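For the sequence shown, full-length UniProt numbering begins at 1 and goes up steadily by one.
Yeah, the Cβ is synthetic: ideal placement off N, Cα and C, and Gly gets one too.
Predicted model only: the values in this text are computed from it and were never measured.
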Amino acid sequence: MPCDGFGDTYLFNPKLLEAISINQIIQSNLTQKCPDFSESGCCVRPLKSGDFGYLNLLQELTEVGSVTQEEFEERFNRMAACPNTYFIILIEHKSTKQVLAAATLVAELKFIHECSKRGHIEDVVVRSNCRGKNFGKLLVEILVAIGKHQGCYKISLDCEDAKVGFYEKIGFQRKNNIMYIRFDEK
């Protein structure tokens with residue numbers, strides 16, 4: 001179930017989650033692993049401007065570095081200024097306000113495929129004490145539905161070899177190779 005939110009600015013309009021039938025996606029993913037998802041106080045929502053604590057969860061995935069609240073808010077505002085591009089979704093425990101899981105979809109504008117969009121899924125992370133409840137699968141399937149709704153002609157992601165099976169079960173297929181150059185390694 002989506003969260004009701006007051007106060008902070010959302011990265012994208014939460015009504016998009018209703019438009020993609022989020023409750024059906026939740027039901028199909030969590031009935032066996034976490035049947036009391038909504039009753040236990042969990043909800044899915046977009047990232048908000050006040051979610052500085054989201055960075056703590058990202059540290060379970062990768063190096064975040066030293067980011068001030070001001071830098072977080074500045075980056076959030078730059079992302080929010082690009083409508084229909086950045087979709088960061090969270091699973092939050094409503095009473096504790098703890099972010100339990102998160103994932104990102106970036107919808108890249110393209111000239112190919114009749115000026116379509118290509119989706120990139122990034123930063124899929126589930127808090128270590130919440131793994132095994134299908135939260136990661138749920139978030140990826142929500143992002144796939146958002147990508148389809150946004151007109152993406154395809155969605156891709158890159159992952160460690162150990163995660164390939166997880167993504168194949170969701171419907172992703174291994175294709176091609178990913179090449180990159182890093183500028184942040186010492």
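Cross-strand partners of Tyr155 (DSSP beta bridge): Inspection of the sequence shows that residue 155 is occupied by Ile rather than by Tyr. Ile155 pairs with Gly119.
Counterpart residues of Val99 in DSSP-defined beta bridges: Glu92
First through last residue of the beta strand (DSSP E) which encompasses Val44: Cys42 to Pro46
As assigned by DSSP and simplified to three states, the class of Ala81: Reduced to three states, the DSSP call for Ala81 is coil.
Host alpha helix (DSSP H) of Ala19 (start-end): Lys15 to Ala19 is the span of the alpha helix (DSSP H), which, as asked, contains Ala19.
Limits of the unbroken alpha helix (DSSP H) element including Asn56: Tyr54 to Leu58
Simplified DSSP state of Val106, which is helix, strand or coil: strand
Local Cβ density within 10 Å of Pro46, reported as buried at 16 or more and exposed below that: buried
7 Å Cβ cutoff met for Val67 and Leu58: Not a contact, by the Cβ cut-off of 7 Å.
Supposed close pair Ala102, Ile88 - CB separation, criterion 8 Å: 7 Å
Residue closest to Ala145, alpha-carbon to alpha-carbon, out of Ile121, Asn129 and Val125: Nearest option by C-alpha distance: Ile121.
Integer Cβ distance of Val126 from Leu100, believed to fall under 8 Å: 7 Å
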